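Data block below; observations after.
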Amino acid sequence: MDVQNIMKQRKSVRNYLDKIVSRADIEDVIRCAGAAPSAINLQPWEYVVTYGEEKDRLIRRLKKVHAMKHVSCGPGTKAPLPEKISNRSRGALKVMEPQISKLDIPFNQFIEQGSCSFYGAPVAIIVLMDKLFPKLRYLDVGLSVSYLLLAAEGKGLSTCPIGLITEYGDDIKAVLNIPEEKEVLLAIGLGYADETAPENDFRTDREPLKEILTWYE
Ligand SMILES: Cc1cc2nc3c(=O)[nH]c(=O)nc-3n(C[C@H](O)[C@H](O)[C@H](O)COP(=O)(O)O)c2cc1C
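By the count of this note's numbering, the sequence shown reaches residue 214 at its end, each step adding exactly one.
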């Protein structure tokens, strides 16, 4: 499949088959993530892969800390977002909610519990950047993550980026022995999608080109 079709096909997956992802495939995907461009080739991204018992141990800790702190997904902005932008999020909820309602679990609980357990993905990837880098280098890490998501898709694997758990970065670092000077920027669930699951049976919308592109001629 060419890269444009891989981009069109990719979507976040929130239910996975109980099927092992080979170490070679995981390494291929991370190798592709490492092929991303970065400012003066600094390559500020770092990836920690967890699966099996280590991943389960991490999930236990995340669930425990989440039960105490109850962080939920939000835009994280200081001021309310303009209607036009918050409507994008509402649009996603509109396609998600009818599917999640089939699961007999409140929507927020599904997202929070699901995020803390990487939605059952057999592999959880933790994305790190050393704190010595300026915040601008988040951009480079984001590019690398995009490469990772697309490389996974190209291999028939699925992913879900999970930002919610960054609130529990210190807990993640404690469980996985990640040094203090690293910042947890994101987690990514990786595995084979359960195509029959209602929670995977929707696609979020995007703005038309005219909303994101300005020409000066
Ligand atoms: C940085 C980032 C953080 C995200 N955090 C979460 C999360 O914590 N939980 C979740 O279920 N989805 C999370 N997502 C997935 C988004 O909800 C999803 O990308 C968005 O709704 C667009 O849908 P799509 O990925 O299927 O195209 C995150 C995505 C990104 C890029």
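All residues carry an ideal CB built from backbone N, CA and C; glycine is no exception.
These numbers were taken from a predicted model, which means no experiment stands behind them.
Check, Outcome
"Span of the alpha helix (DSSP H), counted from its first residue to its last, around Val142", "Tyr135 to Gly151"
"Where Lys61 falls, given that 16 or more other Cβ within 10 Å makes a residue buried", "exposed"
"Backbone secondary structure at Met(-2) - three-state DSSP", "coil"
"Opening and closing residue of the beta strand (DSSP E) in which Pro103 lies", "Unbroken run through Pro103: none, as it is neither H nor E."
"Ala76, buried or exposed, once every other Cβ within 10 Å from all chains shown has been counted against 16", "exposed"
"DSSP state of Ser69 mapped onto helix, strand, coil", "coil"
"Inter-residue spacing [alpha-carbon to alpha-carbon] between His63 and Trp212", "45 Å"
"Ser98 classed as buried or exposed, judged by whether at least 16 other C-beta atoms fall within 10 angstroms", "exposed"
"Among Asn2, Ala21, Tyr13 and Tyr165, the one whose alpha carbon lies nearest that of Glu196", "Tyr13"
"Strand pairing of Glu180, partner residues [DSSP]", "Met126"
"Heavy atom of ligand 1 within 7 Å of Ser114 beta-carbon", "no"
"Arg11 Cβ short of 7 Å to ligand 1 heavy atom set", "yes"
"Enclosing beta strand (DSSP E) for Ile159 [first to last residue]", "Ser155 to Ile159"
"C-beta atoms of Asp178 and Leu129 nearer than 8 Å", "Sequence inspection shows Glu at residue 178; the Asp mentioned does not correspond to that position. Closer than 8 Å, so yes."
"Neighbourhood of Asp22 by C-beta distance below 8 Å, restricted to the same chain and skipping five residues each side", "Lys152 and Leu154"
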